Amino acid sequence: MITIAIDGPSAAGKSTVAKGVAKKLGYTYVDTGAMYRCVTLYALKKGVNCQDDEKVASLLKDIKIDLLVNGDVLLNGEDVTKEIRTQEVVANVSFIAANKYVRLHLVEEQRKMALNKSVVMDGRDIGTYVLPNADVKIFQVASVKTRAERRYLENLQRGINLTKEEIEKDLERRDYIDSHREFAPLRKADDAISLDTSSLTIEESIDAIIKIILEKVGDINE
Ligand code: DC
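Take 4 as the starting number for the sequence shown in the working numbering and just add one per residue.
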C-alpha cells in the first residue's frame with residue numbers, strides 16, 4: 004500500500020493534479036477539502052452558525068459523506084458535488100475547517116480511507132497530521148496571481164462573476180486563516196517536497212509528481 008499526501012494553499016491546482024496522479028497510478032483519490040465543504044453545507048442547511056463550534060460539532064453524528072470513484076460527492080446519500088462549490092459554502096468553510104471537533108472527526112475518517120488501499124490524498128494537513136508516515140509528501144504551491152487567474156477561468160465556466168482582484172483578496176484571506184488556525188494549520192511537512200506549479204500545465208504538474216513518486220518509492224504497485 005502506498006500513500007501520497009499532497010498539501011498546499013487554496014487553488015494551487017491540487018485536486019486536478021492529485022486526481023490525475025491517482026488515475027495514472029490506479030490509486031484512490033481522496034479529496035479531504037470536499038469533506039470540510041460537506042460539513043459546511045450541512046450546517047448552512049440546518050441554519051446553524053458556522054462559527055458556533057459546539058453546535059456544529061453536535062451535527063457530526065448525522066453526517067455521512069461518500070467520496071465516489073468518479074469524483075462525485077454524496078452527503079447523506081444526496082449528490083452535492085456542485086452545491087459544495089457555491090460561494091456560500093466557500094465563504095464559511097474556513098470557520099468549519101478551524102473547528103477542532105470537526106477536524107478530529109474527519110481526520111479519523113480520512114485515516115480509515117488510507118488503511119487498506121493506495122491513496123492520493125489532498126488537503127492542508129495530510130503530510131503533517133493525517134498521514135505523517137505517507138510514502139511521498141508533496142507541498143504544491145503557485146503564486147497568488149496564478150491561482151487567482153486559474154480560479155477566475157474556472158469561475159467563468161461555472162457562471163460565477165468575480166473579478167481577479169476579488170478572487171486574489173479571498174485567496175489571501177483563506178491562506179491566512181488556513182495557516183494561522185490553532186489546530187493543524189497549513190504548513191509544509193519537514194520531509195515534504197515543494198513543487199511550484201506557477202509555470203507548469205496540469206499535465207506537466209502530474210508528470211512532475213509521478214517522477215517524484217517513482218524516485219521515492221520505486222515500485223508504484225507495492
Ligand atoms: O481544498 P478545498 O478548497 O476544497 O478546501 C476547502 C476548505 O477546507 C479550505 O478552507 C481549507 C480546508 N481544508 C482543511 O483545512 N484541511 C484539509 N485537509 C482540507 C481542506
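All C-beta atoms, glycine included, are put in the ideal place defined by N, C-alpha and C.
Owing to the predicted nature of the structure, the values given are computational and were not obtained by experimental measurement.
Have a look at the DSSP bridge pairing and note the partners of residue i.
i	result
Y32	V123
I196	I141
I7	V123 and V139
D82	L77
Can you tell me the Cα-Cα spacing of residue i and residue j, whole angstroms?
i	j	result
A117	T43	23 Å
E86	N158	14 Å
G16	L165	19 Å
N228	V59	The structure shown does not extend to residue 228, since the chain is modelled only from 4 to 225, so the question has no answer here.
A137	Y155	33 Å
G130	L198	14 Å
K213	Y132	Here residue 213 is Ile; the residue named in the question, Lys, does not match the sequence. So the alpha carbons of these two residues sit roughly 23 Å apart.
R88	Y39	11 Å
M4	D222	11 Å
A21	D55	32 Å
G36	E152	20 Å
Y179	S13	11 Å
E111	T6	16 Å
D173	V139	30 Å
I170	Q90	11 Å
S18	K49	28 Å
E2	S146	Here the chain covers residues 4 to 225 and nothing more, so residue 2 does not appear.
R161	E168	18 Å
Is the beta carbon of residue i less than 8 Å from the beta carbon of residue j?
i	j	result
L71	C41	no
I205	G23	yes
Y32	L63	no
I9	V92	no
D181	D125	no
R114	F186	no
T84	V76	yes
Nearest CA to the CA of residue i: which residue from the options?
i	options	result
R29	Q143, S121 and S197	Note that residue 29 is Gly in the sequence shown here, rather than Arg. Of the listed residues, the one whose Cα sits closest to G29 is S121.
T149	T200, K49 and E169	T200
D194	K219, D173 and K64	K219
K26	N102, D69, E175 and I209	I209
A101	S202, R127 and V83	R127
S202	Q143, E168 and I170	Q143
L47	N73, L189 and F98	F98
D65	P188, A94 and Y45	Y45
I216	P135, E175, H108 and I141	I141
Does ligand 3 have even one heavy atom less than 7 Å from the beta-carbon of residue i?
i	result
S97	Ligand 3 is not part of this structure, which contains only ligand 1.
Legend entry - Those runs of the alpha helix (DSSP H) which lie wholly inside the segment 51-79 and span at least 4 residues: 56-62
Legend entry - 4 or more residues per run - each alpha helix (DSSP H) lying fully within the segment 95-124: 103-116
Inset, instruction - Please specify which runs of the alpha helix (DSSP H), each continuous and at least 4 residues long, are wholly inside the segment 139-177, giving them in chain order. - result: 147-161
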